[in-house]
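Participant: Okay, handing you the structure first.
Numbering (this note's numbering), first residue to last: 8 to 222.
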């Protein structure tokens, strides 16, 4: 369930943008928040590598990757969001589809980003999204996830209020779970977690294992 404010925030862009701006203050602003995935993975990638932004929305978190010269595909289930992405970021390759079962070829991407989107999925669907990411990554490719994490004492109450007003039960469920452990259980390796914004945000990088050569 969610409060009445959540659909309003998605219907009226200024509400969504205001909520995003306030939420991003703890990491240095919206621009910094949207660039976290790029900053985490850019040293691991070849210039111009193929990158997938899962649940790309209107493409704002894909924009730093495009500016850095990567070949970026954005996938989203919402045609309206993809129309906005086309208008704002014409070089973004857009695909309409479910993140749980993307209509994309396996092992197509050097990197995949999930930027503040994974908490929107119930537990079962969340696991499906992560399995899809594993399938779509090339061996040795990287996943980066930026999303909610249980806040430390200073931000615990603001986080609880924010979730009550603008999030659903799926966000509360994710705050109860150990996402790095889930990634390891699904088959990712080199899983690293960094806590930001008074521990209210987690940045996780994980690699699809390089498959051994067949003898």
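Using N, Cα and C, we set each Cβ at its ideal position, and we do this for glycine too.
Under a Cβ-count criterion, where at least 16 other Cβ atoms within 10 Å of its own Cβ denotes burial, should residue 28 be classed as buried or exposed?
Facilitator: Residue placement at residue 28 cannot be trusted, given a pLDDT of 45 that sits under 50; what the coordinates show is reported in the next sentence. Counting Cβ neighbours within 10 Å, residue 28 comes out exposed, since fewer than 16 surround it.
Participant: Return the first residue and the last residue of the alpha helix (DSSP H) that residue 153 is part of.
Facilitator: Element bounds for residue 153: not the alpha helix (DSSP H) but the beta strand (DSSP E), 144-155.
Participant: Based on the DSSP secondary-structure assignment, which residues constitute the bridge partners of residue 211?
Facilitator: Partner(s): 152, 200.
Participant: Count the other CB atoms, across all protein chains shown, that sit within 10 Å of the CB of residue 71; report buried if there are 16 or more and exposed otherwise.
Facilitator: Buried, because 16 or more other Cβ atoms sit within 10 Å of the Cβ of residue 71.
Participant: Tell me the DSSP secondary structure of residue 78 in three-state form.
Facilitator: Looking at residue 78 - three-state DSSP - the assignment turns out to be strand.
Participant: CB-CB under 6 angstroms to residue 142, same chain, minus the five flanking residues each way: which ones, in chain order?
Facilitator: 113.
Participant: Comparing alpha-carbon positions, which option in 198, 118, 204, 176 lies nearest residue 211?
Facilitator: Checked all of 198, 118, 204, 176; the closest Cα to residue 211 is 198.
Participant: Just the Cα atoms here: how many angstroms apart are residue 109 and residue 205?
Facilitator: Each residue's Cα considered, the two are about 34 angstroms apart.
Participant: From 89, 90, 61, pick the residue whose C-alpha is nearest to that of residue 123; which is it?
Facilitator: Of the candidates 89, 90, 61, the one whose C-alpha sits nearest the C-alpha of residue 123 is 61.
Participant: Among all the DSSP beta bridges, which residues are the ones paired with residue 122?
Facilitator: Bridge partners of residue 122: 153.
Participant: Pick from 190, 65, 202: whose alpha carbon is nearest that of residue 214?
Facilitator: Closest by alpha carbon: 190.
Participant: Does DSSP put residue 117 in a helix, in a strand, or in coil?
Facilitator: Strand at residue 117.
Participant: Can you tell me which of 218, 196, 40, 48 puts its alpha carbon nearest to the alpha carbon of residue 118?
Facilitator: Comparing Cα-Cα distances from residue 118 to each of 218, 196, 40, 48, the minimum goes to 48.
Participant: Determine the extent of the alpha helix (DSSP H) in which residue 189 is found, giving its start and end residues.
Facilitator: Note, residue 189: alpha helix (DSSP H), 186-193.
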